[in-house]
Amino acid sequence: MFRAVAYRPSRRVLLGAGVLAVVGLLAVLDACGAPHVGGRGRRRPSILLLTLDTTRADRLGCYGDPDALTPQLDALAATGVRFEAAYTPSPMTLPAHTTLLTGLEPPEHGVRINGRQRLPDGTATVAEQLRTRGYRTGAFISAYVLAKRFGLDRGFDTYDDDLSSARPQVVHEQLSVNRPGDVVVGAALAWLESAGGDGAPFFAWVHFYDPHYPYYPNASLAGTRFEGVASYDAEVAFMDQQIGRLLAFLDESGQANDTIVIAVGDHGEGLGEHDDEEHGYLLNEEVLHVPLILRWPGKTRAGTSSAALVTSTDVTPTILDAAGIVPEAPLRGRSLRAMANGELAASRAAYAETDLPLWTFGWSPQRSLTTERWKYIRTTRPELYDRANDRREIHDVSASHPDVLAALDAQLANIEAGFHRTAAPPVSVDAEARQRLAALGYVDAGPPASVWVADGARRDMKDMLPVKQLASAVAAGLATGRLDRARAIELTRELVRQSPESAGFHLRLGTLLLQTGDASEAVPALGEAVRLRPDDAEARTNLGQALVRAGRLESALPEFRAAIALAPDLAEAHLGLGTALAAIGHLDEAADRLRSAARLAPGSADAQLDLGNVLLRQGQEREAEACYREALRLRPEDALAHLNLGTLLARGDSTDEATAEAREAVRLAPRLAAGHHLLGRLLVEEDATPGAIDEYRIATELDPTVPEFFDDLAAAYAANGQTGSAVATARRAMAKARTLGRDDLARDIGQRIAFYRTGAAASPRVRPGAMKRD
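First residue of the sequence shown? That's 258 in the working numbering, and the numbers climb one at a time after it.
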């Protein structure tokens, strides 16, 4: 019968007692200003950490792929040690890298999902510990998913996450904004070449994102079979070329023998296996098995391999061991020094997790345990694979080995019970970034799983892959313009039907309906999203906007206020609350909220435009003008901003500029009735009455519901001597005013009709105020 082996996390660096004594002495020497001397009087080695994003071990030549074009990594393996069974605890970039740089499992460092959490203060990184011991530290990052804001910059003198040279994206996904490996290596080489004068060892981390979708052709592969090819394997080959530049620098600068090189994948890629093209949602072999190559001059036996099962948690202990540093706190992993030197070592069960199905769709999260013989995946329908005979995990044998399944589940529970759990603080994301995160269905901006209230058993991710793929196709189709909104709404209704527990589908449906102007249908869809995820600030904000569009202003206010309480930095919630308050006449609070929106989103033309409208109503014309001009700086093609600036300028002496703004408004929006009306009024003041009549007539045709448009057209007819037209048009204006219950206006128009019958022209009515956004 299968027996579970208890999991006992390593509480020590794998050094002998004598070496530990030397390490203690080194700590004293460090304090006395001797940071560059290692054990036995030798200089501490420099360390080059290469992290290979989305890189499957089985797509490298040194791991057995005969078609791979990876000579640089193959050569590195030939001069170092290759770990055949290295596993990551997460199929997502940020959690996986956080483990690599802390030596902790995701529940211990708290970063469980891409883009929504940052490393907690107080959790030590390997860079922090190296820097305090005299190492120069530099990191060179390829993608936004590892940007400074997520906390991995701690301990680095230089953290280069400059994405100004990022590759263009057809479907913009903020987390995947990335720059190519040649640019990253160029930055790393410049740092290495310029910062070596003091003789201090360096710790350089270089991150390669090239194998991550989308793929691009690379000119440097000309002359190879990948010339002009945009594919996964071609990007791996390009990455390998760039790694070669770093290794060549070490050779040419004479530092190769003093530098430890670690090349490790953060996670793999589905590439169609288990019906998944990407990563993040499943915990199968193709996304958890990663390459790990270690070259430790003087310690590794060149060209060897280790079959022991190791994990990403072992990287930080290995680096600290190499530097002669005792970890500041107990680590989950162990140093690979002994295995690198050819010593036999016991395998350790590899823990892995993904909460992405839960965060994105409300489906079951997954946990897994990989041992030498077995692979167990805990989910709604648990899976068990015999790794000895089925490394690709094709045949689920859980039904035929229930004892093994139960034992592994108990072992996994034992591991989880031993975690010293940490909660990572959330990272706020603005609306534009959230929309980009949702592209291709990747992180649908869900709240922490603890607040989800969907009823019933969670769906199993493997059963729901077709639904996830449809969701991704809808998001991509909308982002690229290949899918019109009507079809997108139809497909999203199907997503809601197939997975009513997925709050993100209700949110997407409601948002699409809102964008098409169907507020009455958007309200129940967004209401269901809020019911399922009451702590989702975006859902509450969109519900508030739908309620405003439906004319339910008082009902919208608590939704906006709740969104602000949940996400104080969410500019759209402040904007929505401000516009709703303005609509019911609470101008002072409206101005405060709109100022907050403008501060939180300095690039928002809407915030400036709406704030300008409120300030104008408060009589603060100079401040309102500044807002309108800022809105136009941000969005020069905004017809309403031109209209409102023109309306404001028309109150003063700047009639020429006001006329220019009105003309620009109708040029940009030929069907903007208020723009034609304003232009007509300004033409009257310029004594260009025939032109004014034309503009007023267009305004009445575009919006025949506004009595003032007909009233002013009648006055223009009268001024032009067209008495009959003036009287007839004024009668229409008076009838429309009475229909709207505006008896005072109807009475005034009646008085003007009396003037028109005498052949006199009446004075123009009071000038209108600013136009609001729809």
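Yeah, the Cβ is synthetic: ideal placement off N, Cα and C, and Gly gets one too.
Please report how far the alpha carbon of residue i lies from the alpha carbon of residue j, in whole angstroms.
i: Arg928; j: Gln772; result: 19 angstroms
i: Ala745; j: Leu769; result: 8 angstroms
i: Thr962; j: Arg424; result: 50 angstroms
i: His933; j: Val923; result: 6 angstroms
i: Arg648; j: Gly619; result: 30 angstroms
i: Ala1032; j: Glu952; result: Any question about residue 1032 goes unanswered here, given that the chain covers just 258 to 1031.
i: Leu902; j: Glu882; result: 6 angstroms
i: Pro781; j: Gly801; result: 12 angstroms
i: Ser399; j: Ser488; result: 18 angstroms
i: Leu727; j: Leu766; result: 14 angstroms
i: Val224; j: Gln426; result: This structure gives no information on residue 224, because the portion of the chain shown stretches from 258 to 1031.
i: Tyr1013; j: Ala779; result: 48 angstroms
i: Arg644; j: Glu785; result: 43 angstroms
i: Asp826; j: Tyr608; result: 36 angstroms
i: Leu449; j: Val521; result: 20 angstroms
i: Ile672; j: Leu844; result: 57 angstroms
i: Asp910; j: Leu939; result: 12 angstroms
i: Arg954; j: Asp913; result: 22 angstroms
i: Leu838; j: Ala807; result: 15 angstroms
i: Gly372; j: Pro614; result: 15 angstroms
i: Tyr512; j: Asp322; result: A quick correction: the sequence has Gln, not Tyr, at residue 512. Gln512 and Asp322: Cα-Cα distance of roughly 30 angstroms.
i: Ala333; j: Arg552; result: A quick correction: the sequence has Leu, not Ala, at residue 333. Their Cα atoms are separated by approximately 7 angstroms.
i: Leu504; j: Asp497; result: 11 angstroms
i: Thr557; j: Ser604; result: 19 angstroms
i: Leu470; j: Val442; result: Leu is not the amino acid found at residue 470; the sequence shown has Tyr there. Cα-Cα distance, rounded: 20 angstroms.
Does the beta-carbon of residue i have 16 or more other beta-carbons within 10 angstroms, so that it is buried, or is it exposed?
i: Ile651; result: exposed
i: Leu403; result: buried
i: Glu921; result: buried
i: Asn514; result: exposed
i: Asn870; result: buried
i: Glu887; result: buried
i: Ser563; result: buried
i: Thr1015; result: exposed
i: Asp1000; result: exposed
i: Ala858; result: buried
i: Glu958; result: exposed
i: Glu943; result: exposed
i: Ala291; result: With a pLDDT of 40 at Ala291, under the threshold of 50, the modelled position of that residue is not reliable, and no figure is offered here.
i: Ala971; result: buried
i: Asn799; result: buried
So the candidates are the options; which of them puts its Cα closest to the Cα of residue i?
i: Ala494; options: Leu330, Leu827 and Asp612; result: Leu330
i: Tyr392; options: Leu305, Ser399, Leu403 and Pro364; result: Leu305
i: Val463; options: Ile519, Ala819, Met991 and Asp720; result: Ile519
i: Ala580; options: Phe967, Ala656, Arg806 and Pro458; result: Pro458
i: Ser451; options: Val368, Leu740 and Gly395; result: Gly395
i: Arg215; options: Thr637, Val368, Leu722 and Pro815; result: Any property of residue 215 remains undetermined from this structure, which presents the chain solely from 258 to 1031.
i: Ala820; options: Cys319, Arg809 and Asp793; result: Asp793
i: Tyr885; options: Glu894, Gly876 and His899; result: His899
i: Val383; options: Pro584, Ser982 and Glu878; result: Pro584
i: Phe676; options: Gln623, Ala1003 and Gly360; result: Gly360
i: Val633; options: Leu593, Val661 and Thr617; result: Checking the displayed sequence, the identity of residue 633 turns out to be Tyr instead of Val. It is Val661.
i: Gly948; options: Gly876, Pro639 and Ala976; result: Ala976
i: Glu542; options: Asp720, Leu641 and Ala597; result: Leu641
For my contact list, residue i and residue j are in at a C-beta cut-off of 8 angstroms; report their separation, rounded to the angstrom.
i: Ala595; j: Ala602; result: 6 angstroms
i: His831; j: Ala854; result: 4 angstroms
i: Glu526; j: Arg313; result: 6 angstroms
i: Gln611; j: Pro348; result: It should be pointed out that residue 611 corresponds to Thr in this sequence rather than to Gln. At roughly 6 angstroms, the Cβ-Cβ gap stays under 8 angstroms, so Thr611 and Pro348 are in contact.
i: Thr679; j: Glu362; result: No, Thr679 and Glu362 are not in contact; Cβ-Cβ is about 10 angstroms, not under 8 angstroms.
i: Ile1010; j: Arg988; result: 7 angstroms
i: Arg316; j: Ala325; result: 6 angstroms
i: Thr637; j: Asp717; result: 4 angstroms
i: Ser422; j: Arg436; result: 5 angstroms
i: Tyr401; j: Val434; result: 4 angstroms
i: Leu868; j: Ala848; result: 7 angstroms
i: Leu925; j: Glu894; result: 6 angstroms
Please confirm if the segment 566-582 is in contact with the segment 660-668, defined as three or more CB-CB distances below 8 angstroms between the two stretches. no
Discussion item. For the pair the segment 538-546 and the segment 334-353, tell me if three or more CB-CB distances fall below 8 angstroms.
Written reply: Output reads yes: the segment 334-353 touches the segment 538-546.
Contact the segment 480-493 vs the segment 405-416: 3+ CB pairs below 8 angstroms: no
**Validate contact between the segment 349-360 and the segment 368-383 using beta carbons, cut 8 angstroms, 3 pairs** = yes
Requested in this report: Spell out a yes or no on whether the segment 626-637 and the segment 579-590 are touching, meaning 3 or more CB-CB pairs, one atom from each, closer than 8 angstroms.
Outcome: The segment 579-590 and the segment 626-637 do not touch, with fewer than three beta-carbon pairs separated by less than 8 angstroms.
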